[in-house]
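Student: Sharing a structure below in structure tokens format, with a few things to ask.
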Amino acid sequence: MEVKPRAELVNYTDEPERNVAAAARLCHSPKGGSQLREEMSSREVERLVRKVIEMGHTSTLEHTYFYFHIICSRVTSHQLVRQRIGVSYSQRSQRYVSEDDFDYIIPPTIARNEQAKKLYKEKMDSLQETYRNLLKEEIPPEDARFILPAVKTNLMVSYNARSLRHFFELRCCNRSQWEIRTIARQMLSLVQKKAPVLFENAGAPCVSRGYCPEDDFSCGRIDELNSREGDN
Ligand SMILES: Cc1cc2nc3c(=O)[nH]c(=O)nc-3n(C[C@H](O)[C@H](O)[C@H](O)COP(=O)(O)OP(=O)(O)OC[C@H]3O[C@@H](n4cnc5c(N)ncnc54)[C@H](O)[C@@H]3O)c2cc1C
1440 MEVKPRAELV NYTDEPERNV AAAARLCHSP KGGSQLREEM SSREVERLVR KVIEMGHTST
1500 LEHTYFYFHI ICSRVTSHQL VRQRIGVSYS QRSQRYVSED DFDYIIPPTI ARNEQAKKLY
1560 KEKMDSLQET YRNLLKEEIP PEDARFILPA VKTNLMVSYN ARSLRHFFEL RCCNRSQWEI
1620 RTIARQMLSL VQKKAPVLFE NAGAPCVSRG YCPEDDFSCG RIDELNSREG DN
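In this note's numbering, the protein residues as written are 1440 to 1671.
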């Protein structure tokens, strides 16, 4: 069956911005972390979060975590797990969970072409049938899965806020692959509701850093952002 890629925010550090601000304040205070966390006004929290991001004192962002449930293809989970620092993954196993009724993602280029979509679905049905027949031959799932395409997978992924901002820089960019970009943008929108200051300027480098590292491959969004700034 066809499914859409999506991200759900499962949990996050209580008062995520306050944690960051307390860590920042602690570096210059004789007081302890929990006292600082309790004492600070919301205004002070906002000011400090903006300040540490602006000055690059971003190790303080590592004290706040966000946990996501991600549904995507195994094409995209492969890209997702390339990020190594400040992030933890758990992924549904194809050894222990049978794929005898797998779901899959249809890329938009295929979805909008009737003939391509028909070919794609036929191939998925045929692979599904072969997989089931291999299981009937008592081939274990860990070997039967070798014939599987980029079927849907489920992951639990937890990032600290520093690593999550890095993820958004890499994957919210128009130059990144469409499925991981779709998920990254959903994740950004979810965390912006919970920690608006921490993620107010998060996203592709044109948003977070004010420049585009893509050179000749740039999508041109940086020019649009710069011209908007010039209008102000
Ligand atoms: C648009 C796009 C296209 C891509 N295309 C390809 C591709 O064709 N082929 C491919 O293999 N990958 C590709 N990648 C993956 C990319 O190379 C990175 O592996 C991935 O984005 C994770 O980024 P990262 O290493 O910065 O993250 P993390 O692993 O989380 O690392 C975070 C930061 O820590 C530092 N760091 C981490 N490990 C080390 C280390 N060993 N030594 C020194 N510093 C370290 C670096 O500063 C790094 O930026 C692509 C990524 C994007 C966004």
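Ideal Cβ placement from N, Cα and C applies to all residues, glycine included.
Using 8 Å as the threshold, is the stretch 1545–1561 in touch with the stretch 1593–1613, meaning 3 or more CB pairs across them?
Tutor: The stretch 1545–1561 is not in contact with the stretch 1593–1613.
Student: Expressed to the nearest angstrom, what Euclidean distance is found between the alpha-carbon atoms of Ala-1446 and Glu-1653?
Tutor: Within the sequence shown, residue 1446 is the residue found at index 7, counting from 1. Within the sequence shown, residue 1653 is the residue found at index 214, counting from 1. Cα to Cα, Ala-1446 sits roughly 27 Å from Glu-1653.
Student: Tell me where the beta strand (DSSP E) around Tyr-1598 begins and ends.
Tutor: Here residue 1598 refers to the residue found at position 159 of the sequence shown. Element bounds for Tyr-1598: 1591–1599.
Student: Quick one: is the Cβ of Ile-1622 within less than 6 Å of any heavy atom of ligand 1?
Tutor: As a first step, residue 1622 is located in the sequence shown; it is residue number 183 there, counting from the start. Checking the Cβ of Ile-1622 against ligand 1 gives no.
Student: What would DSSP say about Cys-1645, mapped onto helix, strand or coil?
Tutor: Taking the sequence shown and counting its residues from 1, one reaches residue 1645 at position 206. Note: Cys-1645 maps to helix in three-state DSSP.
Student: Taking 6 Å as the cut-off, is the C-beta of Arg-1523 nearer than that to any heavy atom in ligand 1?
Tutor: For the purposes of this step, residue 1523 is taken as the residue at position 84 of the sequence shown. Arg-1523 Cβ: within cutoff of ligand 1.
Student: Under the rule that 16 or more other beta-carbon atoms within 10 Å means buried, what is Gln-1567, buried or exposed?
Tutor: Counting from one through the sequence shown, the residue named residue 1567 turns up at place 128. So Gln-1567 counts as buried.
Student: Measuring CA to CA, which of Pro-1455, Ser-1498, Ile-1544, His-1508 is closest to Gly-1525?
Tutor: To locate residue 1525, count along the sequence shown from 1; it is residue 86. Closest option to Gly-1525, Cα to Cα, is Ser-1498.
Student: Is any non-hydrogen atom of ligand 1 found closer than 6 Å to the C-beta of Leu-1609, if you look at the structure I gave you?
Tutor: As a working note, residue 1609 is residue 170 in the sequence shown. Yes, the beta carbon of Leu-1609 sits closer than 6 Å to at least one heavy atom of ligand 1.
Student: Please determine, among Asn-1665, Ala-1641, Ser-1657, Glu-1581, the residue with the shortest C-alpha to C-alpha distance to Leu-1627.
Tutor: Position 188 of the sequence shown, counted from the first residue, corresponds to residue 1627. Of the candidates Asn-1665, Ala-1641, Ser-1657, Glu-1581, the one whose C-alpha sits nearest the C-alpha of Leu-1627 is Ala-1641.
Student: Once you ignore the five residues that flank Ser-1468 on each side, which residues in its own chain have a CB closer than 7 Å to its CB?
Tutor: Your numbering for residue 1468 matches position 29 in the sequence shown. Once the five neighbours on either side are set aside, the close Cβ partners of Ser-1468 are Leu-1475.
Student: Throw me the rounded Cβ distance for the Val-1504 and Asn-1593 pair, which I believe falls under 8 Å.
Tutor: One-based indexing of the sequence shown puts residue 1504 at position 65. One-based indexing of the sequence shown puts residue 1593 at position 154. The amino acid at residue 1504 is misidentified as Val; the sequence shows Tyr. Not a contact, Cβ separation roughly 19 Å.
Student: Does the Cβ of Ser-1516 have 16 or more other Cβ atoms within 10 Å, making it buried, or fewer, making it exposed?
Tutor: Taking the first residue of the sequence shown as position 1, residue 1516 is located at position 77. That one is buried.
Student: Please report the straight-line C-alpha distance between Gly-1471 and Leu-1465, rounded to a whole angstrom.
Tutor: The residue you call residue 1471 lines up with position 32 of the sequence shown. The residue you call residue 1465 lines up with position 26 of the sequence shown. Near 7 Å, if we compare the C-alpha coordinates of Leu-1465 and Gly-1471.
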